[in-house]
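*Asks:* Chain order of the listed sequences is A and B. Quick note: the first sequence uses this note's numbering, first residue -19, plus one each step. Quick note: the second sequence uses this note's numbering, first residue 502, plus one each step. Yeah, the Cβ is synthetic: ideal placement off N, Cα and C, and Gly gets one too. I have a structure I would like to understand better, so I am pasting it below and will then ask my questions one at a time.
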Amino acid sequence: MTHRIALLALLLTGPTALAAEPKPSQADLDFFESKIRPVLSQHCYQCHSAQAASQRKLKSELTLDTAAGLLKGGKRGPAIVPGKPADSLLIKAIRHHDKLKMPPKGKLGDDVIANFERWVKLGAPDSRTGEALDLRLGAPIDIDEGKRFWSFQPLKHAAPPQVKDKSWSHNPIDRFIAARHEAHGLQSVGVAQPQTLIRRAYFDLIGLPPTPAQVDAFVKQYEQDAQAAYAQLIDELLASPRYGERWGRHWLDLARFAESNGYAFDKDRANAYRYRDFVIRAFNDDMPYDRFVRLQVAGDLLAKLNPTTPEEAQAAAQKIAATGFLVAGPFTTQQTQKERERSRYEQLDDMVHTLGTSLLGLTVGCARCHEHKYDPLPQPDYYRMIAIFSQVGFADVGINMEPTKFAQSKAAFDKAHAPIVAARTSFEQEQLPVALTTWLDNRPEHMPAPGFSTWQHIGPFPAESFDKAYDQAFGPENQKQVDLKKTFADGRLKWTEQPTWKDGVVHNTLTGENAANYLFRVVESPVARKVTLSLGSDDAIRVWINRKHVLGNKIGRGAAADQEKVTIPLKKGRNELLIKIVNGGGPSGFYFKSSLDGTPANVEKILQVAQDKWDDKQRKQVLDWFKTTDENWLALNTAVEEHKKQEPKPKLTMMYAAKTRGSTYNFGGDTYKVYYLSRGNADNKQGEAPAGFLQVLMRSPNGGQRWLDATQPNQQKQAKPSRLALADWLTDTQHGAGHLLARVIVNRLWQHHFGQGIVLTPSDFGTRGERPTHPELLDWLASELIRNGWRLKPMHRLMMTSRAYRLGSGEYSASEKADPDNMLVWRRSPRRLEAEAIRDSLFAVAGTLDTTMYGKGSLDERTPRRSVYLTVKRSRLIPMLQLFDAPDAMQSIGKREASTVAPQALAMMNSPLVRDIAGKLAARARPDAKTTLDDAIANAYRIAFSRPPTADELVRMKGFIEHQAKARGGGNAEALAFRDACHTLLCMNEFVYVD
Amino acid sequence: MTDRASSFLTSRRRFLERAGLGFGSLAFTSLLHQTGAVASSASATNPLAAQHPHYSPKAKAVIWLFQTGSPSQVDTFDYKPVLQKRSGEKLNGADPKTGFFTTTGKCLGSPFKFKQHGQSGAWMSELFPNLSQHADDLAFIYSCYSQSNNHTPAMLEMNSGMIRQGFPSMGSWVTYGLGSENTNLPAYVVMHGTKPRGNDPIWSSGFLPSVYQATALDPRQGKPIANLQRHAEMNDPQQRSMLDLLRASNRDHLKRRPFDSDLAARLESFELAYRMQTAAPEVFDVSQEPKHIQEMYGLNRPDSKDYGRQCLIARRLIERGVRFVQVFPAIPKTPGGGVGDVPWDGHNDINVNHRACASTVDQPTAALLSDLKSRGLIEDTLVIYGGEFGRTSDSQGGKGRDHNPHAYTTWMTGAGVKGGAQYGATDEFGYKSVEDRVSVHDIHATVLHLLGLEHTRLTYRFNGRDFRLTDVAGNMISEVLA
């Protein structure tokens, strides 16, 4: 086709023809098939094809496996310009003239290059069809390929390997370790001294130093039977309630636990500490880890919300508190409408990100805007995961912890309440119809208005309390008829006329605190009729008409119109209206207005018809209105309502927890829905996302349905709550994520016991994470955990009784050169204590540690309770803990830093707290004047370091004290010098580094 | 599956690479290992030791004057004659829900007079009689925008690139990337009056090791840094004796554990702490400055004495090698809608608010620039000035302006900055950035570049991901670079 014809075609057919390329001849296509396509396939597809993309090997976003891909090009622009070889990037690249040289491994043959030039000149005829890969949607991920990665594989059940030196191994762990030592020719150091072992075990398991007496007892036993003594030590420590406080804190790091919202204003979550308590209890009770996980993601759905026994209540409370895990992340209360949807997705991201890193060691959050760059986590997996939480909000959920006691008091109340209600019912059935008939019979055509006298006032009548002021019947209330001449309180209180008190305005002129005032007026009515009163009061109010109590409301408030409405019956002639206003504190007053619109329109309509023509419904309507105007019924009804106020209310224990359809960022109808978002942008929705799980962790023919469908006994499928399905999937060791879940947690245990994990990146088991140093050991430990019913305490025991755990730290070994980072566990690396352990140790050596467990915490770092009980307020982190690398509770932390900075040294040297502790340590070490300086120094060492000083150390300390005492001078010079010595002990490396 | 242990020999190197410390420090550390000098030199493992940047830096230090509450662009530096002319008329395309409250949709002309200044002819309002004398040194970026219309998220974005809490602030990133030039003082100092809305998390070190966290202080307080003072019951020689005892004991302990360099670092940290006791109070003692300098910074005026002191201390800090100083102005009077934690927040009356705030800010800011110049410090120091977003061109109420994430002005001056540059533009009402729009990531990329850091290479691995200050974005604004 010539250019002219092409142009003509364009003119004739319009813009649509633009897209239609001239159809290449068969000869040209043959040329492509024989000379071009094989070269592309052999030399280019490896890095530039859909398959390369699925294997994470795509380079420069360029695909050459479709015609469209060539034209679309990659990062540098189109690969070819048909017809113009000189302008085609692909041609430039294969010529190897410029910087860009393709293929990178070596230049193609000149004849091949010439073929490509000719092909482009021909207009790049191409028989391959198909769309160019849309990388915005992410390259397709090959899930099956992904499943081959080690951490997604099922556990391998390897038997502990055979080793040459059998005597070295104490338990199977050691055989895994020793096999690697032998393979790499590493020489391990000897087992640590008993003083070192007990200090290590104490800090590892309970985060506190042993007392000198505990050390002595252990060393003595150890000398007799090392194995037995050590095993017993581990058992004792695992049984200590301090264990849960220590290990619970490790978990709280992962859960980004905090007790406030964060962001502007950082609102407190007063009941968030219940989650912390749940965690500590779970560790102390050795709750199976799979259950621990299940409760944290779905405990509220498993809880019985209306428990009937204290045991059931405890169980429910624990389950609900556990879900504090899901909602521990930051939340901002100050939001503009525009930000809410985005913030909701952030909140869901926080939940899934935390869940992924803490439980599975996977950075699920990375698949939010695109396919995960490194792990086989496609973007839809991410949205299905957050969809699991689409209904989740937070709430302070209450559980009645004493249901039995409550049931008893409720029964007692019901018994007392029944006759009062019965009186009203019998009146309604027997007397009320009669009264209605009487009233109807005497109802005059014309209803003249009543006349109200001016107000009379008396008061205030003081009482001990607001309640008493309300309940107590003072003088005016006790009279058969109000006598305005009568005085009270020895004549100090008398009735006074208030001619200025107008109706329909608030009068804040009453006085007295915890006191009652009475207001009185006479109502003269020419006929028997009803009037409606609108009343207001500051604070409580009672109303009597002709001595009948027709209204009572014990309440605290400021007076305003229409707070109460009551229709009162007036008899013909004189009526007495008495009102009591009760004030708690501050100003006091009332509002009063009467109106004559006695009969509502709908009732009036019925009244036009004779009574015997009413149907039941009409009769009920009339009576329902009429009774509210009958003084006798009002009195009976008020009695019921007054008594009702004594009804016992359940005392609820409140927990900050996850709740289905609980509070969250509300932005309307889609608040509790999740959509697939293109590039993570809420303005670009791609359809609603159903709940689902990570494909790479599913070994089930029907995908996530295995867990999402609840199979009933009758084999009927029905959906179950997605969080329950999640709990099932996470802990499913056959088809779900259970094996990875087990690997991740045993690695965390190993990390805290040995200083570094078998996988060095404890929250990243993905392809970017480290590979396990001992893969078989990791799988063996994970299998052991599952075999032990997911209980963690047997795993602690297993790890700590290994020889590998008990190695010494000090000796030099030739292995240092080969493995300086001790990756293969041939020695013990000394470890800096965590912030909490340092602070707790200070109080422990001072002898002032308060071991009160659970309950509300404190923001005051001087509080001598364990640090785990200090309140975690995001904007006011505890300075001392922050200094020593405590997390900021914003994101899940699997591995804390152990930084060394000068402000830490300043705190140890200069903070009043440490100085005070030094004084207390000195007093403990030298309780009386009889204690020699030598003994005092030895005591101080034993308290602070769990060992006596060496001879050199003793000499040095004595030298210091002597010199310092001289420098200080004065009467208590030596005492001060000894305190300085103790203070120095607290600053020493040995105090914060454990061997 | 790769066998981790087969390559364990390289793990130390891998660690250093991960920490982003660069090749220079790696070579240094390796050398020490070879000579066995590790134990005697804490600096080998001191994460705060000065690091080599990615390339030759223009700036060594940063002073960031963070105008919290957000000044209005159209009342300060972004002159809009059309807005003046159409004051009271409908603002076409205005979204009354742009800000935190609701706006009227009617143009509000600036109550301030504008004039051109210097050779560059930059427009500046009458609020800045002193600063305007530096017009030719400033590079204005008129086209900034933010992601949030809410103070705390926007401040988080300005400091960390993210509107969520929990990510490291720029000062922490810079300290992580470059370390400290002065071992006696913190590398990253934040000075505040009333803490900005959002509190300490605004300058969080996020997931970076806490070594890189800010030392935040209120210079109005008597003892701005905690635990800096020795106990009253102890004098210097007595404390020195304790430290000597400590040193001897720690050395003994270290001798028995020769492989653990952390122990050596901790030993040194006490010596550093001891020196800080003297060095730090000295730097905060502005009374050491001559009277004319104090007065230049406005320390004799009630309006500007607190912010003036912040600026003067900022200079003293960078003079002593502190890397990154961020100032959250202490502004005593914030009428017209502002509050202590967001002083420039002129919701009710832009005129009275901005007059009061500028009365505090103008003189010390200008003094700081003059002072840095006369001492030659400006050659190595980058100064940044701006808020967390801008304000609406239509009015809130009648005299106020609401938050506006679509447009605001930031200026830079000092090391590596092209004085007199004017980059980007808003529409004719100053309502939205339209030309060469600049995101916070772009600002960050530019600042890092001036410090010799390539923003895509300054990374930290956390929970399996390599994080950057600029996340997945950021373009350097080369037009404002000298």
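Going along the chain, which residues of its own chain have a beta-carbon closer than 7 Å to the beta-carbon of A:T832, five neighbours each way excluded?
*Replies:* R845
*Asks:* Please confirm whether A:E203 has its beta-carbon closer than 8 Å to some beta-carbon of chain B.
*Replies:* no
*Asks:* Rank A:Y636, A:P134 and A:L51 by C-alpha distance to the C-alpha of A:D257 and give the top, closest one.
*Replies:* A:Y636
*Asks:* Name the chain B residues that come within less than 7 Å of A:C346, Cβ to Cβ?
*Replies:* At a C-beta separation below 7 Å, A:C346 has these neighbours in chain B: R966.
*Asks:* Is the CB of B:A908 under 8 Å away from at least one CB in chain A?
*Replies:* no
*Asks:* Round the Cβ separation of A:P105 and A:D8 to the nearest angstrom and send it over; I've been treating them as touching at under 8 Å.
*Replies:* Between the beta-carbon of A:P105 and that of A:D8 there is about 4 Å, and that keeps the pair under the 8 Å contact cut.
*Asks:* Who are the Cβ neighbours of A:K136 in its own chain at under 6 Å, not counting the five residues just before and after it?
*Replies:* D759
*Asks:* Under 8 Å Cβ-Cβ, which residues of chain B neighbour A:P356?
*Replies:* The contacting residues do not exist; A:P356 stays about 14 Å from chain B at best.
*Asks:* Between which two residues does the beta strand (DSSP E) harbouring A:H437 extend?
*Replies:* W435 to P442
*Asks:* Below 8 Å between beta carbons is the criterion; list the residues of the stretch 306 to 327 of chain A that meet it against any residue of chain E, in chain order.
*Replies:* Absent from the structure is chain E; the protein chains it does hold are A and B.
*Asks:* Please tell me whether A:P988 has its Cβ less than 8 Å away from any Cβ of chain B.
*Replies:* Residue 988 of chain A lies beyond the range of chain A shown here (-19 to 975); nothing can be said about it.
*Asks:* Using DSSP's beta-bridge definition, name the partner residues of A:E978.
*Replies:* Only positions -19 to 975 of chain A appear in this structure, which leaves residue 978 of chain A out of reach.
*Asks:* Exposed or buried, which one is A:D266 when buried takes at least 16 other CB atoms within 10 Å?
*Replies:* buried
*Asks:* Which residues bound the beta strand (DSSP E) around A:W524?
*Replies:* A520 to I525
*Asks:* Compute the Euclidean distance between the alpha carbons of B:G570 and B:S979, then round it to the nearest angstrom.
*Replies:* Taking the straight line joining both Cα atoms gives about 28 Å.
*Asks:* How about B:L628 and B:T577: are their beta carbons less than 8 Å apart?
*Replies:* yes
*Asks:* Using a Cβ-Cβ cut-off of less than 9 Å, list which residues of the stretch 725 to 742 of chain B approach chain A; keep chain order.
*Replies:* I726, A727, N728, L729, Q730, R731, H732, E734, M735, N736, P738, Q739, Q740 and S742
*Asks:* Can you list, in chain order, the stretches of the beta strand (DSSP E) that have 3 or more residues and sit fully within the stretch 562 to 645 of chain A?
*Replies:* 568 to 575 and 632 to 640
*Asks:* By the three-class DSSP mapping on this structure, what secondary structure does B:Q617 have?
*Replies:* strand
*Asks:* If you draw a straight line from the alpha carbon of B:E783 to that of B:R752, how long is it in whole angstroms?
*Replies:* 31 Å
*Asks:* With a threshold of 8 Å between beta carbons, is A:A(-11) in contact with chain B?
*Replies:* Because the pLDDT of A:A(-11) is 39, which lies under 50, any placement of that residue in the model is unreliable, and the number read from its coordinates should be weighed accordingly. No, A:A(-11) does not count as interfacial toward chain B.
*Asks:* Rounded to the nearest angstrom, how far is the Cβ of A:A765 from that of A:M775, given a contact under 8 Å?
*Replies:* Going by the sequence as given, residue 765 of chain A is Leu instead of Ala. Contact flag correct, Cβ pair sits at about 6 Å.
*Asks:* If contact is defined by three or more beta carbon pairs under 8 Å, each pair taking one atom from either stretch, is the stretch 542 to 556 of chain A in contact with the stretch 508 to 524 of chain A?
*Replies:* yes
*Asks:* Do you know offhand how far A:G187's Cα is from A:R180's?
*Replies:* 9 Å
*Asks:* Leaving aside the five residues before and after A:Y652 along the sequence, list all residues of the same chain whose C-beta is less than 7 Å from its C-beta, in chain order.
*Replies:* S370, Q371 and R641
*Asks:* Could you tell me the distance, in whole angstroms, from the CA atom of B:D719 to the CA atom of B:T695?
*Replies:* One C-alpha to the other measures close to 8 Å.
*Asks:* List, in order along the chain, the chain A residues whose C-beta lies closer than 8 Å to that of B:A766?
*Replies:* T880
*Asks:* Quick check: the Cα distance between A:T467 and A:A301, rounded to an integer number of angstroms?
*Replies:* About 60 Å.
*Asks:* When the cut-off is 8 Å and only beta carbons count, does A:H719 lie next to chain B?
*Replies:* No, its Cβ sits nowhere closer than 8 Å to a Cβ of chain B.
*Asks:* Just to confirm before moving on: does the CB-CB distance between A:D518 and A:P567 stay below 8 Å?
*Replies:* Their beta carbons are under 8 Å apart, which means A:D518 touches A:P567 by this criterion.
*Asks:* Between A:F958 and A:A924, is the Cβ-Cβ spacing less than 8 Å?
*Replies:* no
*Asks:* Could you work out which residue in A:T633, A:R723 and A:G716 is closest to A:K836 when comparing CA atoms only?
*Replies:* A:T633
*Asks:* Just verifying my parser: in three-state terms, what is the DSSP assignment at A:F673?
*Replies:* coil
*Asks:* Which value, in whole angstroms, describes the spacing of the CA atoms of B:F529 and A:S789?
*Replies:* Residue placement at B:F529 cannot be trusted, given a pLDDT of 28 that sits under 50; what the coordinates show is reported in the next sentence. In a straight line, the C-alpha of B:F529 is about 27 Å away from that of A:S789.
*Asks:* Should A:R501 be flagged as near chain B, meaning a C-beta pair shorter than 8 Å?
*Replies:* no
*Asks:* With a threshold of 7 Å on Cβ separation, who are the neighbours of B:V583 within its own chain once the five nearest residues in sequence on each side are excluded?
*Replies:* Taken in chain order, the residues that qualify are E929 and F930.
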